[in-house]
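**Q** Numbering (the numbering used here), first residue to last: 1 to 587. From the three backbone atoms N, C-alpha and C, an ideal C-beta is built for every residue, glycine too.
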């Protein structure tokens, strides 16, 4: 396409005006994932994009300019928005690497520097670039499936990467590193692989299509593809994954001390059931979860006076455990996904259930999540869907998803009419402030993906109290903010977790204080903070986590940076335009 060749020619000549003219003037984005910046960056406005692109091009030195891969596709998003998408490839010399890119193009009036075919002229709305692999440093299937050597007899061992955590995020990274020939060991506090799922409540289920949840290299069993995953599916698949790929993992670990040595290597001391052990590693990765390790329960007076059972949702297993303790009535505080799972669980077990809904609740039907223009596209191919969602700037992805849900909700405005008439303060996707991506990234939850439990409230099978919150315990239940009482044999607090910023957990988990950057939420560019990339003051301590989609995609991102560092070719991250850093290889 003309716009790709025009951009390549302008970059080769260092012509800033011509580069800028290739981009859509009213709104443009360039998202880069390691290809140019060796960081995770999103540049906004044609002028900022042009400056950053030309500066990083001089640092990377393109040996092949942008070359179109395949054909462009016309995408019709709605009655007023359509665009072309196309893929391209290029290579860099410093370091020697193969990269790929994707463009989203909008039609506009012809300009002096750019012309199209058939009277059409296309400008770049979004350009996204990504490192594919370093030359000579490829993922190898024979390395990936090679059996691992046991570590059980070693009190002290050395490894390239020590990964703290043993869940999906840790395993995805361990597999990527193994395929690159990078030695690594996972250390998990749980007694068994898969316990991060197996120890959760029995009725736990995912609210996304199964292909979306795949780990790198291995699909879920075909019989699971057409239904949502439940707790036991998740635990069994992770256990199988670790065994099949021969990943190193040490279980029942309690870290007692972490030291960063003068040689830049980490020394981590930890307890196991078999004694004290020490790991020495060049890189340290914390993969212990985001917003899932430190239960948050509001502090209210009177707990000693309450004669019933009060637990956080992280302590809940199933209604049988409650019934065995004589519980006949349950109060569930909260109204997001876990709360709805638990009220459905307890109602089906014959318990009397009341939900406390403290504020208006965003509810999105599971069908919207699985719609073919949304995450349902994963059933047509995981790699293709990943490229679409993970190469698009976060802010654009969020807005397009929001518009899709608004369209679907507008086609059935009465879907939650009965729930609303019952007095439940439901917020549906027609609300202009309802944005699922905001809940996931900024709030770490707070929504309910409706798998059917809202009917229990709409039909009066489960009671609820809306617009109130607990203020104190009584001997038989709770005193609420409207000065009424609610009696219940058990109170289950579905009030989330306090560790939404993983940097705050470093000292508790690793037993060391480190000046790491803040994590989760988005920065001013729309990139997720602190995850899968180097930190400003500690460049060999990494955070790995997020959604299952991010585990799969960014395990590659993180593994490539670690591999480049070990090979001595990792450039400093580009922090410009206007960065004071010079771009040189790390020693």
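#1: So residue 125 is in the beta strand (DSSP E); what residue range does that whole segment cover?
#2: Use the C-beta contact count for residue 169: other C-beta atoms within 10 angstroms, 16 or more gives buried, fewer gives exposed.
#3: From the DSSP output, which residues share a beta bridge with residue 327?
#4: Go through the stretch 472-519 residue by residue and report every complete run of the beta strand (DSSP E) that reaches 3 residues or more, in order.
#5: Going by DSSP in three states, residue 257 sits in which element: helix, strand or coil?
#6: Which value, in whole angstroms, describes the spacing of the CA atoms of residue 143 and residue 356?
#7: Please list, in chain order, all residues of the same chain as residue 540 whose beta carbon is under 6 angstroms from its beta carbon, the five residues on each side excluded.
#8: Return the CA-CA distance between residue 116 and residue 523, expressed in angstroms with no decimal places.
#9: Take residue 297 and list the residues in its own chain whose beta-carbon comes closer than 7 angstroms to its own, dropping the five residues that flank it on each side.
#10: Where does the unbroken alpha helix (DSSP H) through residue 9 begin, and where does it stop?
#11: Could you name the residues of the same chain whose beta carbon sits closer than 6 angstroms to that of residue 100, not counting the 5 residues immediately before and after it, in chain order?
#12: Do residue 543 and residue 502 have their beta-carbon atoms positioned less than 8 angstroms apart in this structure?
#13: For residue 576 and residue 364, I'd like the C-alpha separation in whole angstroms.
#14: Restricting to runs no shorter than 3 residues, where is the beta strand (DSSP E) found entirely within the stretch 214-272?
#15: Going by DSSP, what residue range makes up the beta strand (DSSP E) through residue 153?
#16: Classify residue 448: buried if its beta carbon has 16 or more other beta carbons within 10 angstroms, exposed otherwise.
#17: Over what stretch of residues does the beta strand (DSSP E) that includes residue 312 continue unbroken?
#18: For residue 420 and residue 146, what's the separation of their Cα atoms in angstroms?
#19: Over what stretch of residues does the beta strand (DSSP E) that includes residue 184 continue unbroken?
#20: What are the complete alpha helix (DSSP H) segments, minimum 4 residues, inside the stretch 13-42?
#21: So, are the CB atoms of residue 461 and residue 290 less than 8 angstroms apart?
#22: Closer than 8 angstroms is the cut-off here; do at least three beta carbon pairs connect the stretch 241-253 with the stretch 172-181?
#23: Within 8 angstroms, do at least three Cβ pairs link the stretch 56-66 to the stretch 34-45?
#24: Consult DSSP for residue 532 and reduce its assignment to one of helix, strand or coil.
#25: Considering only residues of the stretch 333-358, which uninterrupted alpha helix (DSSP H) runs meet the minimum length of 4 residues and lie entirely inside it, listed in chain order?
#26: What are the boundary residues of the alpha helix (DSSP H) that includes residue 315?
#27: With H, G and I counted as helix, E and B as strand and the rest as coil, what does DSSP make of residue 470?
#28: Indicate the three-state DSSP secondary structure (helix, strand or coil) for residue 282 in the structure shown.
#29: Buried or exposed: which applies to residue 235, given that a residue is buried once 16 or more other Cβ atoms fall within 10 Å of its Cβ?
#30: Hey, quick one: how far does the alpha helix (DSSP H) through residue 544 stretch, first residue to last?
#31: Going straight from the alpha carbon of residue 68 to that of residue 51, what length do you get?
#32: Give the DSSP bridge partners of residue 447, in chain order.
#33: Pull up the CB-CB distance for residue 418 and residue 458, whole angstroms please, since I reckon it's below 8 angstroms.
#34: Distance check for residue 557 and residue 123, CA to CA, integer angstroms please.
#35: When you compare only the Cα positions, how much space is there between residue 396 and residue 569?
#36: List the endpoints of the continuous alpha helix (DSSP H) containing residue 80.
**A** Let me spell this out:
#1: Residue 125 -> beta strand (DSSP E) spans 121-134.
#2: buried
#3: DSSP lists no beta-bridge partner residue for residue 327.
#4: 477-480, 485-487 and 490-493
#5: strand
#6: 52 angstroms
#7: 283
#8: Confidence at residue 116 is low in this model, with a pLDDT of 47, below 50, so the placement of that residue is unreliable and no value is reported for it.
#9: 312, 493 and 495
#10: 2-13
#11: For residue 100, where only same-chain residues beyond five positions count, the Cβ hits under 6 angstroms are 89, 130 and 132.
#12: yes
#13: 39 angstroms
#14: 254-260 and 266-272, all fully within the stretch 214-272.
#15: Unbroken run through residue 153: none, as it is neither H nor E.
#16: buried
#17: 309-312
#18: 57 angstroms
#19: 184-187
#20: 16-21
#21: no
#22: yes
#23: yes
#24: coil
#25: 337-348
#26: Where residue 315 is concerned, there is no enclosing alpha helix (DSSP H), given that its DSSP letter is neither H nor E.
#27: strand
#28: strand
#29: Buried is the call here.
#30: Note, residue 544: premise wrong, no alpha helix (DSSP H); not H, not E.
#31: 23 angstroms
#32: 362
#33: 4 angstroms
#34: If you take the alpha carbons of residue 123 and residue 557, they lie about 28 angstroms apart.
#35: 33 angstroms
#36: Segment: none, residue 80 is in no alpha helix (DSSP H) and carries neither H nor E.
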